[in-house]
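Scroll down for the structure; my scribbles are underneath it.
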Amino acid sequence: MRLYDTATRSLQELPPPPGPVRMYFCGPTVYQRIHVGNARPFVVSMWLKRWLERSGYDVNLVENITDINDKIYAAAPGNSGELAADASRWYIEDTEKLGLGRPDHEPKATETIPQIVALIEELVEGGHAYPAGGDVYFRVPSFADYGRLSGRHGDDDAMRNPSEEEERSELKEDPRDFALWKAHKEGEDTWWDCPWGRGRPGWHIECSAMAEAFLGPAFEIHGGGIDLVFPHHENEIAQSRSAGREFARIWMHNGMLRLAGEKMSKSLGNIVSLREALDRWGRETLLVYFLGGHWRKPIDYSDEVLEQAAAQAESFRNVFRSGSEPVGEWEPFAAALEDDFNTAEALAVMHGWRDHDLLRRGLEVFGLETLAEAEAAPVELEGLARRRADARERKDFAEGDRLRDEIEAAGWEVRDVDAEPGFQLVPKAPTWRRRP
RNA sequence: GGCGCCGUGGCCGAGAGGUUAGGCAGGGGCCUGCAAAGCCCCGUACAGCGGUUCGAAUCCGCUCGGCGCCUCCA
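The numbering used here puts the first residue of the first sequence at 27, with every later residue one more than the last.
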């Protein structure tokens with residue numbers, strides 16, 4: 027199994043099964059419902075976990091929830107705690123509907139405060155961090171490899187970590203230094219007391235602490251959106267490595283989702299929530315949509331593309347509606363996934379399969395085995411279809427066609443087949459197919 | 001400006017020095033009372049300009065265009 031690693035910009039081989047494969051993926055910051063773009067790392071990591079497990083690996087996947095930060099304070103002045111708790115539930119609820127199972131651990135930053143504080147203390151003792159004005163900052167010059175992951179070297183300007191508030195930047199020894207702990211400010215309703223006074227953790231330190239808490243000092247894969255490379259992941263590396271932890275070996279960064287050519291993001295406001303997308307297209311279409319593009323590449327979110335994904339999902343359903351034929355091989359499918367988890371190619375391979383068992387096994391990797399399930403038509407439609415079959419028997423095609431129209435009006439489609447009882451009722455394919 | 005990624009047939013999208021990607025849409029055919037589904041056939045694509053090579057969509061250079069990060073962000 028090979029995966030592309032951002033740090034070395036090359037494919038890296040995973041140890042052979044059973045591994046272990048310990049993975050940490052950066053989850054969302056919760057203060058509203060997550061959008062479709064936020065779902066990508068969740069989907070990719072769950073698919074990867076499922077695939078590795080069925081390949082005999084011992085997988086431990088951690089996906090955190092960031093439930094404390096400035097955005098959350100700002101979104102719910104005075105009761106940010108409740109908002110974070112609600113939004114965490116929404117996140118679980120929405121991703122649950124994808125039907126891919128859950129990561130092994132989904133820790134929240136607010137539940138990891140003791141470990142965070144301990145790690146900061148260790149960094150201070152080691153000379154890699156210093157308290158200043160109630161804050162604690164990481165001393166970037168103390169970590170020689172700073173900038174390596176993101177390819178920023180020797181250019182201090184590009185590596186600055188601006189403080190959110192200008193006035194606090196003078197507390198820093200170096201403009202590249204970043205906050206590990208932030209002093210409590212007026213109006214912030216969630217805080218903890220710690221050796222440096224009342225406050226709350228900075229954004230990056232939580233991931234260093236949570237990864238270690240659940241995976242130990244060294245682990246195989248760290249993932250997240252490519253927009254996290256700098257400064258988030260760069261800073262995580264600085265913290266953990268300075269504290270003597272080996273930290274992540276392979277860095278997986280997924281490409282962004284684009285809406286009308288622009289990155290879908292909360293700050294730009296060009297968002298489609300995962301919930302809306304799920305309501306409109308259904309989980310199967312959404313999953314096929316994600317399957318169609320390599321995880322590292324950006325993908326566009328548009329009606330046209332989703333319609334195409336829906337049509338593909340339908341074509342898989344049709345395979346199960348006709349007889350199974352021994353057509354297809356597992357090998358090329360597995361090879362595609364083992365080569366940098368190329369789901370687009372794996373999808374192409376599955377399109378050639380006519381063997382029900384094989385196809386179901388393939389779809390199962392991606393949580394799409396539901397495409398194999400036949401939907402039972404209402405009994406009254408069953409009756410109409412039977413009458414239509416009789417009419418056709420009598421060569422009363424006018425009556426037959428009338429009954430067919432009636433069935434179609436109810437949203438179902440009759441297909442004549444050889445097998446008993448001579449017809450098949452399937453839900454009418456989505457009608458947003460376009461004409462030229 | 002710095003650091004990266006990318007430009008593939010109507011649309012989506014893999015691949016990567018020489019061999020059919022695949023899907024969606026479209027055209028033709030088989031099947032069907034007519035359909036639907038399925039099956040068969042069809043478009044001969046890789047931004048542009050140079051270079052390397054026996055051979056490049058795949059390597060190198062330049063140009064044009066798009067995107068991401070350098071501020072919170074999956």
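Every residue, glycine too, gets a C-beta built ideally from N, C-alpha and C. Because the structure is a prediction, the values reported are computed rather than measured.
From residue i to residue j, what distance separates their C-alpha atoms?
i      : j      : result
Ala33  : Arg174 : 7 Å
Ala5   : Arg428 : It is not possible to answer for residue 5, since the shown part of the chain is limited to 27 through 462.
Pro54  : Cys220 : 26 Å
Phe449 : Glu232 : 59 Å
Met72  : Glu425 : 51 Å
Leu451 : Gly308 : 21 Å
Gly82  : Ala101 : 44 Å
Trp458 : Lys123 : Because the pLDDT of Trp458 is 48, which lies under 50, any placement of that residue in the model is unreliable, and the question is left without a value.
Asn296 : Asp329 : 15 Å
Asp93  : Ala110 : 5 Å
Leu317 : Ile118 : 21 Å
Gly120 : Ala184 : The displayed chain sequence assigns Asp, not Gly, to residue 120. Going from the Cα of Asp120 to the Cα of Ala184 covers about 37 Å.
Arg387 : Ser348 : 17 Å
Asp215 : Asn90  : 22 Å
Pro462 : Ala374 : At Pro462, the pLDDT of 26 sits below 50, so the modelled position is not reliable and the matter cannot be decided from this model.
Phe245 : Phe346 : 41 Å
Gly378 : Asp422 : 39 Å
Pro243 : Arg178 : 25 Å
Suppose the cutoff is 7 Å on Cβ atoms and the five residues either side in sequence are ignored; what does the same chain contact list for residue i look like?
i      : result
Thr311 : Leu332, Ala335, Ala336, Ala339
Leu74  : Phe367
Leu384 : Gly354, Trp356
Lys25  : Given that the chain is displayed from residue 27 to residue 462, the structure contains no residue 25 and the question cannot be resolved.
Val166 : Tyr172, Asp200, Arg202, Asp203, Ala264
Asn95  : Thr55, Trp229
Pro453 : Glu401, Gly437, Trp438
Arg35  : none
Arg186 : Pro201, Arg202
Arg343 : Leu397
Based on DSSP bridge pairs, tell me the residues matched to residue i.
i      : result
Lys134 : Ile91
Tyr327 : Partner(s): none; Tyr327 has no beta bridge.
Asn280 : Gly251
Ser268 : None, per the DSSP bridge assignment.
Met49  : Leu87, Ile247
Arg386 : The partner list for Arg386 (beta bridge, DSSP) is empty, contrary to what the question assumes.
Phe346 : In DSSP, Phe346 forms no bridge with anything.
Phe449 : Asp442
Ala155 : Phe164
Asp31  : Ser36
So residue i packs on residue j, CB below 8 Å; how close in whole Å?
i      : j      : result
Phe359 : Ala370 : No, Phe359 and Ala370 are not in contact; Cβ-Cβ is about 12 Å, not under 8 Å.
Thr138 : Ala65  : That belief does not hold up - the Cβ atoms of Thr138 and Ala65 are roughly 24 Å apart, past 8 Å.
Phe392 : Leu304 : Not a contact, Cβ separation roughly 16 Å.
Arg430 : Arg413 : So it is not a contact: roughly 10 Å between Cβ atoms.
Leu126 : Val62  : The Cβ separation is near 15 Å, so there is no contact.
Ala436 : Leu407 : 6 Å
Leu197 : Ala239 : With a Cβ gap of about 29 Å, Leu197 and Ala239 do not count as contacting.
Cys52  : Leu241 : In fact, because the Cβ distance is near 13 Å, the residues do not count as touching under 8 Å.
What does a CB cutoff of less than 6 Å around residue i pick up in its chain, not counting 5 residues either side in sequence?
i      : result
Arg460 : Caution is warranted here: a pLDDT of 35 is assigned to Arg460, below 50, making its placement in the model unreliable, and no coordinate value can be reported.
Val162 : Ile146, Ala155, Leu206, Trp207, Trp222
Glu39  : Arg28
Glu79  : Val85
Asp31  : Gln38, Ile276, Trp277
Met376 : Gly388
Asn261 : Phe204, His230
Arg463 : The chain is shown from 27 up to 462; residue 463 falls before or after that span and cannot be answered.
Check whether the Cβ atoms of residue i and residue j sit closer than 8 Å, and answer yes or no.
i      : j      : result
Leu389 : Ala400 : no
Phe485 : Ser268 : Outside the displayed range of the chain (27 to 462) lies residue 485, so it cannot be described from this structure.
Met290 : Leu300 : no
Ile252 : His279 : yes
Glu395 : Leu410 : no
Ile263 : Leu29  : no
Pro46  : Val88  : no
Ser350 : Arg380 : yes
Gly250 : Pro67  : yes
Lys323 : Gly281 : yes
Tyr50  : Ala274 : yes
Leaving aside the five residues before and after residue i along the sequence, list all residues of the same chain whose C-beta is less than 8 Å from its C-beta, in chain order.
i      : result
Gly213 : Tyr99, Pro103, Gly104
His210 : Gly160, Trp217, Gly223, Arg224, Gly225, Arg226
Trp77  : Leu363, Phe367, Val391
Val298 : His61, Val62, Leu285, Met290, Tyr327
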